[in-house]
Amino acid sequence: MMKQFRDRKDAGQQLAAQLLAYRDRPDVLVLALPRGGVPVAFEVARQLHAPLDVMIVRKLGVPGQEELAMGAIASGGVRILNHTVINTLKIPEAVIDQVTAREQQELMRREQLYRGDRPPYDVRGRTVVVVDDGMATGASMRAAVTAVKQLQAARSIIAVPVAAITTCDELTAQGNEVVCPMKLDILYSVGSWYGHFDQTSDKEVRTLLEQASHERPGVG
């Protein structure tokens with residue numbers, strides 16, 4: 001069996017080693033997908049000497065079939081819709097708006113919880129490294145990267161410690177740069193490649209973001 005990561009910190013350090021071309025560049029910003037992506041991204045940001053922020057993504061689940069996504073919303077007022085699902089199930093616009101409003105409230109609650117009084121970093125014109133702790137289907141990452149593009153980043157790099165090869169190939173084909181130390185033919189569970197994969201708490205997310213902001217004061 002291939003070597004697994006000890007924990008998210010170890011994974012972040014190994015991932016950072018493949019991103020050193022972006023070290024000490026004033027235009028680089030690291031965005032984490034909470035919650036599990038934050039401890040990984042913290043190590044990446046620290047190694048690259050770059051600021052750290054969060055990109056919160058919320059799935060828009062079909063009412064009654066919440067696991068089925070009819071779209072997603074992300075930080076910065078971005079909404080992406082899956083028109084195939086919407087048209088197939090004939091979901092009315094009012095229902096989509098209702099689900100969007102509910103998830104938008106949760107997104108704002110999390111942003112307030114994680115960021116506190118700190119304003120979000122402006123991604124316009126920046127090179128943005130989007131980090132999660134792993135990528136199976138890549139649905140959340142697709143929403144995050146779409147949001148980053150709509151917010152006018154100059155360039156986005158998807159960075160994950162472990163991912164399914166097919167997902168990496170799909171995202172690369174869509175014009176994204178993907179950095180991933182461990183690409184697997186089949187990825188049933190991201191957690192199985194970590195020695196310790198406990199759920200990251202809201203408190204840990206807040207603590208790491210505060211620590212990162214103190215290490216790199218000021219908003220870009």
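Just so we're aligned, residue 1 is where the sequence shown starts under full-length UniProt numbering, counting upward by one.
For every residue, glycine included, the Cβ atom is placed at its ideal position computed from N, Cα and C.
Do V54 and Y114 have their CB atoms nearer than 7 Å?
-> Here residue 54 refers to the residue found at position 54 of the sequence shown. Here residue 114 refers to the residue found at position 114 of the sequence shown. It is a contact, given that the beta carbons lie within the stated cut-off.
Assuming I80 and L107 make a contact with CB atoms under 8 Å, what is their CB distance in whole Å?
-> Sequence index remark: in the sequence shown, residue 80 carries index 80 (1-based). Sequence index remark: in the sequence shown, residue 107 carries index 107 (1-based). Not quite, the Cβ-Cβ distance comes to about 13 Å (not below 8 Å), so this is no contact.
How about the stretch 163-177 and the stretch 22-34: do they share at least three Cβ pairs that are nearer than 8 Å?
-> no
Roughly how many angstroms lie between the CA atoms of D132 and L89, to the nearest whole one?
-> Position 132 of the sequence shown, counting from 1, holds the residue named residue 132. Position 89 of the sequence shown, counting from 1, holds the residue named residue 89. Approximately 31 Å between the Cα atoms of the pair.
Since K183 is in the beta strand (DSSP E), which residue starts that stretch and which ends it?
-> Counting from 1 along the sequence shown, the entry for residue 183 is found at position 183. Here the beta strand (DSSP E) through K183 covers 182-184.
Check the C-beta distance from L52 over to A41 and give it rounded, since I have them as a contact under 8 Å.
-> On the sequence shown, residue 52 is found 52 positions in, with the first residue counted as 1. On the sequence shown, residue 41 is found 41 positions in, with the first residue counted as 1. Yes, they are in contact, since the Cβ atoms of L52 and A41 sit about 6 Å apart, within 8 Å.
Quick one, which of V78, Q65, E43, V30 has its alpha-carbon nearest A11's?
-> Within the sequence shown, residue 11 is the residue found at index 11, counting from 1. It is E43.
Beta-carbon proximity list for G76, same chain, < 6 Å, skipping 5 on both sides = If you number the sequence shown from 1, residue 76 lands on position 76. Only A147, L151 meet the Cβ criterion.
Using three-state DSSP, classify F197 as helix, strand or coil.
-> Start at 1 with the first residue of the sequence shown, and residue 197 comes out as number 197. F197 falls in the coil class under three-state DSSP.
Which first and last residues belong to the alpha helix (DSSP H) in which M108 is found?
-> Working through the sequence shown from its first residue, we reach residue 108 at position 108. Per DSSP, M108 belongs to the alpha helix (DSSP H) from 93-115.
Can you say whether Q199 is buried or exposed, counting buried as having 16 or more other CB atoms within 10 angstroms of its CB?
-> Here residue 199 refers to the residue found at position 199 when the sequence shown is read from its first residue. Exposed is the call here.
Among S189, Y194, V162, which has the Cα closest to the Cα of M182?
-> On the sequence shown, position 182 is the one that residue 182 refers to. Nearest C-alpha to M182: V162.
Would A164 pass as a contact of V129 if the rule is Cβ separation under 7 Å?
-> In the sequence shown, residue 164 corresponds to position 164, counting from 1. In the sequence shown, residue 129 corresponds to position 129, counting from 1. Not a contact, by the Cβ cut-off of 7 Å.
Determine the closest residue to R46 out of V57, P34, R58, L29, with distance taken between C-alpha atoms.
-> The residue you call residue 46 lines up with position 46 of the sequence shown. Of V57, P34, R58, L29, the residue nearest in Cα terms is L29.
Where DSSP assigns a beta bridge to M135, which residues make up the other side?
-> On the sequence shown, position 135 is the one that residue 135 refers to. Answer by DSSP bridge pairing, in chain order: A163.
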